[in-house]
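Going down the list, the sequences are from chains C and F. Just add 37 to the spot in the first sequence (first one is 1) and you have the numbering used here. Just add 37 to the spot in the second sequence (first one is 1) and you have the numbering used here. Just so you know, even glycine gets a beta-carbon here, dropped at the ideal spot from N, CA and C.
Protein chains: 2
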Amino acid sequence: MLNIGSAARATGLPTKTVRYYADIGLVAPGGRSEKGYRLYDDRELRKLVFVRRARAFGFSVESCRTLLGLYEDQNRTSADVKKVTLNHIEQIDRKLAELKILREELAHLAGNCKGDDRPDCPILSSLAGER
Amino acid sequence: MLNIGSAARATGLPTKTVRYYADIGLVAPGGRSEKGYRLYDDRELRKLVFVRRARAFGFSVESCRTLLGLYEDQNRTSADVKKVTLNHIEQIDRKLAELKILREELAHLAGNCKGDDRPDCPILSSLAGER
DNA sequence: TCTTGACCTTCCAGTTACTGGAGACTTTAT
DNA sequence: ATAAAGTCTCCAGTAACTGGAAGGTCAAGA
Chain C
38 MLNIGSAARA
48 TGLPTKTVRY
58 YADIGLVAPG
68 GRSEKGYRLY
78 DDRELRKLVF
88 VRRARAFGFS
98 VESCRTLLGL
108 YEDQNRTSAD
118 VKKVTLNHIE
128 QIDRKLAELK
138 ILREELAHLA
148 GNCKGDDRPD
158 CPILSSLAGE
168 R
Chain F
38 MLNIGSAARA
48 TGLPTKTVRY
58 YADIGLVAPG
68 GRSEKGYRLY
78 DDRELRKLVF
88 VRRARAFGFS
98 VESCRTLLGL
108 YEDQNRTSAD
118 VKKVTLNHIE
128 QIDRKLAELK
138 ILREELAHLA
148 GNCKGDDRPD
158 CPILSSLAGE
168 R
């Protein structure tokens, strides 16, 4: 049983984050010491790493909760998990498309801006709504 | 001079947002009516639209503040504006690269998942850290 | 004129996922 | 014994709003 600092080091998460996950009931510690210190054993450690990875994949904390539920659920089907994942990919695709358009428009604007010491600037003109 | 609801309609922003921009001193109303209603005239309306566009381009509110300052500044140089814009493009590029990698990894995982009614799932295995 | 409904005001809380800090207690090392 | 490091809880702040409550205002219709 590791206390929170060791658990944090073992899982690669900040201590504050491990405590936060405990607070929101995402990954509860296995128990508490006599003096109230959170204690984590292997089972919780594995959950914490699972969450760290899922978060790194951009899953929201709520999605992690779902995923963790499926992870623990003996009756899960791979279809359930795939559904969550595909949904997430879709969201990423939408964001990606948005960002690409944004980038192109900005690059276009910047490309037309001389970037010299004179005040006239097509970027500002465009933002001001001038054609 | 329009009251806040008309100003919101005229600029395409939610009323709450216009009030919020006033609160944080981004776009102050031109004045107040006797009874304390915020009043907006052309000058502020133009600023609001400017901010709406800049936000749509993904500029943060703080960047909008800078941009608005440059927009109003007779001594600005187009180089100043270009600098802010190029910086923003860089940030978008970083985000874009991250998202692409994320998407590929997730798609790879999902591609290996049968998505049937059996419990074994390479997505969960991978998040659990199994090789 | 009264009233209804739309609009306005301020202030407070909630959103996401933490992060930082204060004040107090415990453990560990010297 | 003492000091440093670790832990506890609780509160506040982040970004950019959004929603709601309580209460004042305004225009229109009966």
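Chain C beta carbons: is any one of them nearer than 9 Å to that of F:TYR108? yes
Starting from the C-beta of F:TYR58, find all residues in its chain whose C-beta is less than 6 Å away, skip the five residues before and the five after it, and write them out in chain order. VAL64
Since I believe C:ALA44 is in contact with C:PRO51 (beta carbons under 8 Å), could you give me their beta-carbon distance rounded to a whole number of angstroms? Between C:ALA44 and C:PRO51 the Cβ distance is about 11 Å, and since that is not below 8 Å, they are no contact.
For C:ILE160, count neighbouring Cβ atoms within 10 angstroms of its own Cβ and tell me buried if that reaches 16, exposed if not. buried
What would DSSP say about C:LEU82, mapped onto helix, strand or coil? helix
Could you tell me which residues DSSP puts in a beta bridge with C:ARG69? C:ARG75
Check whether C:ALA134 and F:LEU164 have beta carbons under 9 Å apart: no
Could you pull out every residue in the same chain whose Cβ sits closer than 7 Å to the Cβ of C:PHE96, ignoring the five residues on either side in sequence? LEU104 and HIS125
Looking only at C-alpha atoms, which of F:ASN112, F:THR114 and F:VAL118 sits nearest to F:ARG102? F:VAL118
Give a yes or no on whether 9 Å exceeds the smallest Cβ distance from F:VAL86 to chain C. yes
Count the other C-beta atoms from every protein chain shown that fall within 10 angstroms of the C-beta of C:SER70, then say buried if there are 16 or more, exposed otherwise. exposed
Between the alpha carbons of F:LYS137 and F:GLY148, how many angstroms are there, rounded? 16 Å
Along the chain, where does the alpha helix (DSSP H) containing C:ALA147 start, and where does it finish? 115 to 148
Can you give me the Cβ contacts of C:ASP154 inside the same chain, cut-off strictly under 6 Å, excluding the 5 residues immediately before and after it? none
Could you tell me the alpha carbon to alpha carbon distance between C:THR48 and C:ARG89, rounded to whole angstroms? 8 Å
Round the Cβ separation of C:ASP67 and C:TYR77 to the nearest angstrom and send it over; I've been treating them as touching at under 8 Å. Before going further, note that residue 67 of chain C is Gly rather than Asp in the sequence given. Confirmed, Cβ separation roughly 6 Å.
Enumerate in chain order the residues of its own chain whose CB-to-CB distance from F:PHE87 is below 7 Å, with the five nearest sequence positions on each side excluded. LEU105 and TYR108
Same chain, Cβ closer than 8 Å to C:TYR170, five either side skipped, listed in chain order: Here chain C comprises residues numbered 38 to 168, so residue 170 of chain C is not present and cannot be evaluated.
Where does C:ARG140 land, buried or exposed, given buried means 16+ other C-beta within 10 angstroms? buried
Can you say whether C:ARG113 is buried or exposed, counting buried as having 16 or more other CB atoms within 10 angstroms of its CB? buried
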